[in-house]
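Colleague:
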Amino acid sequence: MSIFKGIWVPLITPFTRSSEQQLDLPAAQRLAVQMVDAGVHGLVVGGTTGEAAALSEDEQATLLAAIIEAVDGRCPITMGIGGSDTRALAARVKRLDAYELSGYLVSAPAYVRPSQVGILRHFQAIANETLRPIIIYNIPARTGVNISLRTIEALAQHPQFAAVKESSGDVLQLTELIENTKLQVFCGDDTLMLTTFLLGGHGAISAAAHIRPDLFVQLYTLMETGEVTQARAIFDHLLPLIRILFSEPNPGPVKAALAMQNLIREELRLPMTVMSSSGRRRLDIALERVMQLPAYPPRPAYPALVSEGFMGTMGEKQPVERKMASA
Numbered sequence: 232m233s234i235f236k237g238i239w240v241p242l243i244t245p246f247t248r249s250s251e252q253q254l255d256l257p258a259a260q261r262l263a264v265q266m267v268d269a270g271v272h273g274l275v276v277g278g279t280t281g282e283a284a285a286l287s288e289d290e291q292a293t294l295l296a297a298i299i300e301a302v303d304g305r306c307p308i309t310m311g312i313g314g315s316d317t318r319a320l321a322a323r324v325k326r327l328d329a330y331e332l333s334g335y336l337v338s339a340p341a342y343v344r345p346s347q348v349g350i351l352r353h354f355q356a357i358a359n360e361t362l363r364p365i366i367i368y369n370i371p372a373r374t375g376v377n378i379s380l381r382t383i384e385a386l387a388q389h390p391q392f393a394a395v396k397e398s399s400g401d402v403l404q405l406t407e408l409i410e411n412t413k414l415q416v417f418c419g420d421d422t423l424m425l426t427t428f429l430l431g432g433h434g435a436i437s438a439a440a441h442i443r444p445d446l447f448v449q450l451y452t453l454m455e456t457g458e459v460t461q462a463r464a465i466f467d468h469l470l471p472l473i474r475i476l477f478s479e480p481n482p483g484p485v486k487a488a489l490a491m492q493n494l495i496r497e498e499l500r501l502p503m504t505v506m507s508s509s510g511r512r513r514l515d516i517a518l519e520r521v522m523q524l525p526a527y528p529p530r531p532a533y534p535a536l537v538s539e540g541f542m543g544t545m546g547e548k549q550p551v552e553r554k555m556a557s558a
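Straight run, no breaks: the sequence shown in the working numbering ends on number 558.
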């Protein structure tokens, strides 16, 4: 059974309120534990939402180690990998294999606009240097290139590729992907989450799920049990908030919403900026409505997961008892 399903949260990176804007590791750890306590099925560290482009490689490694320590094997953790230097990225995943990771979320090369052959070879070169599974991340609005279905089908023949995060926003492409690939398909456009589940997608890697993660878990669980009407009702409550969270560049609105709950300091590294005053007013209203929705009971803690065919979070750890986060 694949671990690449359900609701995964691409964690934001908290910073201290200082001129240096250093990593706020205690806040990052608290947030990760809160997500796990709410029942999310996986976490991504160092993704787009985590402002990885503004973090040094050493900072990303420090952050990853802190999250792994806090989560303590209670859910899978993947690391975001992005860039255009294929050789450097291949060497990097080889180094990162030393960490207790469940895989990597790897985006297409950005800015350089390679051909589909170049994209294929880029991913293959990275996959050849790791023992971990890879989630292919298709986000053409950021990279400038769309990964074709044919390229994904070719990559699926390599044993390290386990899933796809589809963020093109193209429903036809999403449909064809779900129908034709043997890989697990994650929704990467939060507004299409319900659509993805209805089409047979396997989960979502959702920045919006930082806010009331329990409700996103409930949405997924209801779809899994065939309770579509109830799932649609949950999604209808969440959709106005989702739209506001992506009305300005991510992760500005997500960090604003978390700061409104006193979970982090509202700090972003340039060139990313905080949410506008007008956006914040709309966010405040939407957030208040969502926070009033009934809590969804989280799943019990569970032991470290090891997927077949790779070195995951090894060991004989027992479930860790933690207090449930209040919704």
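Glycine included, each C-beta is placed from N, C-alpha and C at the ideal position.
1. Which ranges would you report for the alpha helix (DSSP H) in the segment 380–410 if only whole runs of at least 4 residues count?
2. Taking the continuous alpha helix (DSSP H) assigned at residue 243, which residues delimit it?
3. Out of curiosity, what's the CA-to-CA distance linking residue 261 and residue 519?
4. Are there 16 or more other CB atoms within 10 angstroms of the CB of residue 272, so buried, or fewer, so exposed?
5. Which residues bound the alpha helix (DSSP H) around residue 355?
6. Looking at C-alpha atoms only, which residue of 400, 305 and 391 is the closest neighbour of residue 371?
7. Distance check for residue 362 and residue 238, CA to CA, integer angstroms please.
8. Do residue 382 and residue 351 come within 7 Å of each other at the CB atom, strictly closer than that value?
9. Grouping DSSP H, G and I as helix and E and B as strand, with all else coil, what is residue 435?
10. Whole angstroms is fine: what's the gap from residue 493's alpha carbon to residue 511's?
11. Look up residue 334 in the DSSP assignment and give the residues it is bridged to.
12. Can we say the segment 243–261 touches the segment 413–426, given the rule of at least three CB pairs closer than 8 Å?
13. For residue 393, which residues of its own chain have a beta-carbon under 8 Å away from its beta-carbon, when the five flanking residues on both sides are left out?
14. Roughly how many angstroms lie between the CA atoms of residue 297 and residue 280, to the nearest whole one?
15. Between the beta-carbon of residue 526 and the beta-carbon of residue 445, is there less than 7 Å?
16. With distances taken Cα to Cα, identify the nearest neighbour of residue 523 among 387, 474, 443 and 514.
17. Give me the DSSP bridge partner(s) of residue 375.
18. Quick check: what's the CA-CA separation for residue 308 versus residue 240?
19. According to the neighbour-count rule (16 or more other Cβ atoms, all chains shown, within 10 Å of its Cβ), is residue 389 buried or exposed?
20. Within 10 Å of its beta-carbon, does residue 386 have 16 or more other beta-carbons around it, so buried, or fewer, so exposed?
21. Runs of 3 residues minimum, wholly inside the segment 456–483: which ones carry the beta strand (DSSP E) assignment?
22. Secondary structure at residue 304, three-state DSSP: helix, strand or coil?
23. Please state if the CB of residue 376 and the CB of residue 435 are separated by a distance shorter than 7 Å.
24. Could you tell me whether the Cβ atoms of residue 315 and residue 348 are closer together than 7 Å?
25. Would you say residue 502 and residue 243 are within 7 Å of each other, going by their C-beta atoms?
26. Would you identify the three-state DSSP class for residue 368, choosing helix, strand or coil?
27. Considering only residues of the same chain and omitting the five flanking positions on each side of residue 461, which have a CB-CB separation below 8 Å?
28. Helix, strand or coil: which one does DSSP assign to residue 265?
29. Please return the same chain residues whose Cβ sits closer than 7 Å to the Cβ of residue 293, not counting the five positions on each side in sequence.
30. Roughly how many angstroms separate the alpha carbons of residue 409 and residue 265, rounded to a whole number?
31. Across which residues does DSSP place residue 415 in a beta bridge pair?
32. Under the three-state reduction of DSSP, which class applies to residue 274: helix, strand or coil?
33. Nearest CA to the CA of residue 320: which residue from 433, 345, 353 and 332?
34. Which of the three DSSP states is assigned to residue 362 in this structure?
Modeller: Checking against the coordinates, here is how it stands:
1. If only uninterrupted alpha helix (DSSP H) runs of at least 4 residues are considered, those enclosed by the segment 380–410 are 380–386.
2. Reading the sequence shown from its first residue, position 12 is the one you call residue 243. Segment: none, residue 243 is in no alpha helix (DSSP H) and carries neither H nor E.
3. Taking the first residue of the sequence shown as position 1, residue 261 is located at position 30. Taking the first residue of the sequence shown as position 1, residue 519 is located at position 288. Each residue's Cα considered, the two are about 22 Å apart.
4. In the sequence shown, counting from the first residue as 1, residue 272 sits at position 41. Buried, by the Cβ-count rule.
5. By 1-based counting over the sequence shown, the position of residue 355 is 124. First-last of the alpha helix (DSSP H) with residue 355: 347–358.
6. Against the sequence shown, residue 371 aligns to sequence position 140. Comparing C-alpha distances from residue 371 to each of 400, 305 and 391 shows the shortest one belongs to 400.
7. Position 7 of the sequence shown, counting from 1, holds the residue named residue 238. Position 131 of the sequence shown, counting from 1, holds the residue named residue 362. The alpha-carbon atoms of residue 238 and residue 362 are separated by roughly 24 Å.
8. Here residue 351 refers to the residue found at position 120 of the sequence shown. Here residue 382 refers to the residue found at position 151 of the sequence shown. Yes, these two residues count as a Cβ contact at 7 Å.
9. As a first step, residue 435 is located in the sequence shown; it is residue number 204 there, counting from the start. Three-state result, residue 435: strand.
10. Here residue 493 corresponds to residue number 262 of the sequence shown, with the count starting at 1. Here residue 511 corresponds to residue number 280 of the sequence shown, with the count starting at 1. Rounded to whole angstroms, residue 493 and residue 511 show a C-alpha spacing of 15 Å.
11. What you label residue 334 is simply residue 103 of the sequence shown in a count that begins at 1. BP columns for residue 334 point to 309.
12. Using a C-beta cut-off of 8 Å, the segment 243–261 makes no contact with the segment 413–426, since fewer than three inter-stretch Cβ pairs fall below that distance.
13. Here the question's residue 393 lines up with position 162 in the sequence shown. Within the same chain, 233, 235, 334, 364, 365, 366, 414, 415 and 538 come within 8 Å of residue 393 by CB-CB distance, once the 5 residues on both sides are set aside.
14. Counting from one through the sequence shown, the residue named residue 297 turns up at place 66. Counting from one through the sequence shown, the residue named residue 280 turns up at place 49. The C-alpha of residue 280 is placed about 17 Å away from the C-alpha of residue 297.
15. Numbered from 1 along the sequence shown, position 295 holds the residue referred to as residue 526. Numbered from 1 along the sequence shown, position 214 holds the residue referred to as residue 445. Less than 7 Å separates the beta-carbon of residue 526 from that of residue 445.
16. For the purposes of this step, residue 523 is identified with residue 292 of the sequence shown, where counting begins at 1. Of the candidates 387, 474, 443 and 514, the one whose C-alpha sits nearest the C-alpha of residue 523 is 443.
17. For this step, residue 375 is matched to residue 144 along the sequence shown. Residue 375 is not bridged to any residue.
18. Along the sequence shown, one-based indexing puts residue 308 at 77. Along the sequence shown, one-based indexing puts residue 240 at 9. The alpha-carbon separation between residue 308 and residue 240 amounts to approximately 10 Å.
19. Looking up residue 389 in the sequence shown gives position 158. Residue 389 should be labelled exposed.
20. Taking the sequence shown and counting its residues from 1, one reaches residue 386 at position 155. Looking at its Cβ environment, which holds 16 or more other Cβ atoms inside 10 Å, residue 386 is buried.
21. With a minimum length of 3 residues, no continuous beta strand (DSSP E) run stays inside the segment 456–483.
22. In the sequence shown, the residue the question calls residue 304 occupies position 73. Coil.
23. For the purposes of this step, residue 435 is taken as the residue at position 204 of the sequence shown. For the purposes of this step, residue 376 is taken as the residue at position 145 of the sequence shown. Taking 7 Å as the Cβ cut-off, residue 435 and residue 376 do not qualify as a contacting pair.
24. As a first step, residue 315 is located in the sequence shown; it is residue number 84 there, counting from the start. As a first step, residue 348 is located in the sequence shown; it is residue number 117 there, counting from the start. Not closer than 7 Å, so no.
25. As a working mapping, residue 502 is identified with position 271 in the sequence shown. As a working mapping, residue 243 is identified with position 12 in the sequence shown. No, they are not a contact pair.
26. Counting from one through the sequence shown, the residue named residue 368 turns up at place 137. In the structure shown, residue 368 sits in a strand (DSSP, three-state: E or B).
27. Here residue 461 is taken as the residue at index 230 of the sequence shown, counted from 1. Excluding sequence neighbours, residue 461 sits near 453.
28. For the purposes of this step, residue 265 is identified with residue 34 of the sequence shown, where counting begins at 1. DSSP places residue 265 in helix when its eight states are reduced to three.
29. Looking up residue 293 in the sequence shown gives position 62. Hits under 7 Å: 254.
30. Taking the sequence shown and counting its residues from 1, the one referred to as residue 409 is at position 178. Taking the sequence shown and counting its residues from 1, the one referred to as residue 265 is at position 34. Within the model, the alpha-carbon separation for residue 409 versus residue 265 is close to 31 Å.
31. Your numbering for residue 415 matches position 184 in the sequence shown. Answer by DSSP bridge pairing, in chain order: 394.
32. Residue mapping note: residue 274 aligns to position 43 of the sequence shown, counting from 1. Reduced to three states, the DSSP call for residue 274 is strand.
33. The residue labelled residue 320 in the question sits at position 89 within the sequence shown. Its Cα nearest to that of residue 320, the residue 353 stands out among 433, 345, 353 and 332.
34. In the sequence shown, the residue the question calls residue 362 occupies position 131. Note: residue 362 maps to coil in three-state DSSP.
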